[in-house]
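Order-wise, the sequence lines are chains R and V.
In this text, residue positions in the first sequence follow my numbering: the first is 1, and each later residue adds one.
In this text, residue positions in the second sequence follow my numbering: the first is 1, and each later residue adds one.
Idealized CB from N, CA, C, for every residue including glycine.
Read through the structure below, which is laid out as structure tokens, and then see the notes.
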Amino acid sequence: MGEDAESPKINHTFLRDYVTEADVISTVEFNQTGDLLATGDKGGRVVIFQRETESKGESEEVGETGDSGEYNVYSTFQSHEPDFDYLKSLEIEEKINKIRWLPQQNAAHFLLSTNDKTIKLWKVSERDKRPEGYNLKDEEGRLKDISTITSLQVPVLKPTDLMVEVRPRRVFSNGHTYHVNSISVNSDGETYLSADDLRINMWHLGITDRSFNIVDIKPANMEDLTEVITAAEFHPHHCHLFVYSSSKGTLRLCDMRSSALCDRHTKLFEEPEDPGSRSFFSEIISSVSDVKFSHSGRYLLTRDYLTAKVWDLNMDKGPVETYQVHEYLRSKLCSLYENDCIFDKFECVWNSSDSVIMTGAYNSFFRMFDRETGRGVTLEAWRESSKPRAVLRTRRVYSGGKRRRGDVGVDSLDFTKKILHMAWHPSENIIAIAATNNLYIFQDRVNPETQLQ
Amino acid sequence: MEVTAEAKRIMVVALGKLYSSRTQRGGLRLHRSLLLTMVMKSARDMYHAAQETEWAAAEEQQPPTEEPTGAQIELQEGKPLTSPGNEVENSPTMLRRDADNKENMSPPRPTQHSRKRRGKAAVEPDFLPCKKAKLEQKNVPQQLILSTVLLCEYMNCSSEVGAPPAPMPVQRAIAAC
């Protein structure tokens, strides 16, 4: 894992293509300043990258400030281990489903990481000094013979090599019967929510043995189950509001002030189904895989299998914008169902100014849509075609009409190369794209900073 | 006809996926199981709807004396004579017979179908518990029998299935999580 470096041109393709399952990245998240980037993988490890503050000499260009550094590994730790539920005789995967950073309050950084069942709060702190000159201990730390001590000596803090320590501070376990799919830190800085297929719990960051259940959609008879929760998020500014998406393609905005159990939504966002496009797979492709509030808090971005939609919180009748991510797959749904790709859960992200949305696709492609023009562009995260500091060129999938050079045919798309996880820097045009076991970080050199207006 | 063939294929694939997900690491995924169940239901509904239109067409063609009143077996035998286009549809016809025979015949007879369906699997796997188990159950819902029969078909078709677990009705599979 880590940034891709140029590898020597030896024919190791068969080795390179072999990916250890544990190395597959399962989540990517910037912290609130964008200086730190965390990735989680299927092996339960978390890798934190830190942005270098000094800029590289040769990339100085007009207009660039000194902060366009690279991201290097800052710390690696094992967050979750494989576990076993003895009562149900089920293995609990160690795969990290989500990472969320807490807003920074002191020198240390805190993040929440979760697997299917347990959420953990980690403290990431630096140590660059250590005390030296102990009076009572020798250099190895052993107590000296008291009769040899003749003078008083106060230990002095001396600078040492930077050490990054990561320690688990809280473990929030036994809160979920089903698989946790989302966590979201509240703007109040004290609480967070965790959502599984049927329930959403609200926790206090300091209390691990209790949580409040705020949504419960489990039917009395499980045979009557018709929908599950697929994602949930707190509003970025209003600490009483949160949204959750369902497998039926609906969004529910809930206000925690109205009642303790928010089973009844404050607002239901639903687009009426187009009867003309009904197929065997209509239910599967309408399931929302990700939901994100815009930075402004005014809009919601959702992703289902074929589209990305922007919703206005003030209008629940339907989305205000719909973007076709890979409409050419609509006629291939049966094969995608057979090879399981139709169940893939793609994430979606906003840029810092909420003017661009981004989401992933297949063949290492990912899509960016400019909301003002409505136009989309396809980019590729693949080491063969992107050397460090090269300009990303746009790609196109050919599905009829005039074929241009460089277009990829629909039938030659590689469905094993899927871009499911990604993150956008909170204030700059820097994106982090997870492609199986590789992490790609792209920076916009033309407009390195797009300040939030 | 493509609708029925496709619907059947979708149902079989869904069942296969549901069963393989039970041995998956991390336990049964509720969301995935739910989506598979929905796909199977909608495929089954479309299949039945398509079959009903077929029968309506077939009944119009057949002379009234040959029309069966209850047992579907007669209909199936008479059908190939009157609707030549349906000759190739051996399996969906069998399936239909199963699906609707449940009203008329108390024990489903998957043994017959499995022999007919046997293509890749060399030997009829008589270690499959599903057939015998279902015969003993008294209060089995109709949809359950359909699922079981489809499963048996799938089991016979696919050679990758290892030790077959005890069959579980689809809804119960969800409830078990």
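Check	Outcome
Interface residues of chain V around R:F281 at Cβ under 8 Å?	V39
Counting along the chain, where does the beta strand (DSSP E) carrying R:R45 start and finish?	R45 to R51
Between the Cα of R:L225 and those of V:L18, V:R25, V:L30 and V:S20, spot the shortest distance and give me the residue it belongs to.	V:L30
From the beta carbon of R:T230, is the nearest beta carbon of chain V less than 9 Å away?	yes
By the 10 Å Cβ neighbour count, where 16 or more other Cβ atoms means buried, how is R:P319 classified, buried or exposed?	buried
To the nearest angstrom, how far is it from the Cα of R:L90 to the Cα of R:D116?	12 Å
Please work out which residues of its chain come closer than 7 Å, Cβ to Cβ, to R:P103, disregarding the five sequence neighbours upstream and downstream, and give them in chain order.	Q32 and G189
Comparing alpha-carbon positions, which option in R:V325, R:C341 and R:N339 lies nearest R:D370?	R:V325
Can you tell me which of the three DSSP states V:R9 falls into?	helix
R:S125 to R:G44, Cα distance in whole Å?	20 Å
Let's see if you can read the secondary structure: which residues bound the beta strand (DSSP E) around R:C348?	C348 to W350
Comparing C-alpha positions only, which one of R:F269, R:V73 and R:I285 sits nearest to R:M163?	R:V73
Which runs of the alpha helix (DSSP H), 4 residues or longer, sit entirely within the segment 326-388 of chain R?	333-338
What did DSSP end up calling V:Q51 once you bin it into helix, strand or coil?	helix
Drop a sphere of 10 angstroms on the beta-carbon of R:L253, count the other beta-carbons inside from all chains shown, and report buried for 16 or more, exposed for fewer.	buried
Using 8 Å for Cβ pairs, my map puts R:G133 next to R:P155. What's the rounded Cβ distance?	5 Å
Is R:S173 close to chain V, meaning its C-beta is less than 9 Å from at least one C-beta of that chain?	no
Within a Cβ cutoff of 6 Å, which residues of the same chain sit near V:A7, ignoring the five residues on either side of it in sequence?	A43, M46 and Y47
Closer than 8 Å by beta-carbon distance: list the chain V residues that pair up with R:F343, in chain order.	R32 and L35
Buried or exposed: R:K95, going by 16 or more other Cβ atoms within 10 Å of its Cβ?	buried
Excluding the 5 residues flanking V:F127 on each side, which residues of the same chain have their C-beta closer than 6 Å to its C-beta?	The pLDDT assigned to V:F127 is 41, lower than 50, so where the model puts this residue is not dependable, and the model offers no usable value.
In whole angstroms, what separates the C-alpha of R:R403 from that of R:T378?	16 Å
With a cut-off of 8 Å on the beta carbons, I'd call R:I229 and R:S211 a contact; round off their distance for me.	Not really, about 16 Å apart at Cβ, beyond 8 Å.
With DSSP as the reference, label V:H31 as helix, strand or coil.	helix
Residue ranges of each alpha helix (DSSP H) run of no fewer than 4 residues wholly in the segment 267-311 of chain R, ordered along the chain?	282-286
Mind checking who R:K123 pairs with in its DSSP beta bridge?	R:F110 and R:R167
Take R:N437 as the anchor and find which of R:W424, R:I419 and R:D444 has the nearest alpha-carbon.	R:I419
What's the C-alpha gap between V:K41 and V:W55?	21 Å
Count Cβ pairs between the segment 292-302 of chain R and the segment 337-344 of chain R that sit closer than 8 Å; are there 3 or more?	no
Cβ of R:S113 within 9 Å of Cβ of R:I92?	no
Could you check whether the Cβ of V:K8 sits closer than 9 Å to any Cβ belonging to chain R?	no
Can you say whether V:Q51 is buried or exposed, counting buried as having 16 or more other CB atoms within 10 angstroms of its CB?	buried
Quick check on this structure: which residue in R:F415, R:A435, R:L413 and R:T416 has the alpha carbon closest to the alpha carbon of R:A423?	R:A435
Sort R:K267, R:G400, R:S287 and R:L121 by Cα distance to R:K317 and report the nearest one.	R:K267
Pull up the distance between the alpha-carbon of R:S461 and that of R:D161, whole angstroms please.	Nothing can be reported for residue 461 of chain R: it is not among the residues displayed for chain R, which extend from 1 to 453.
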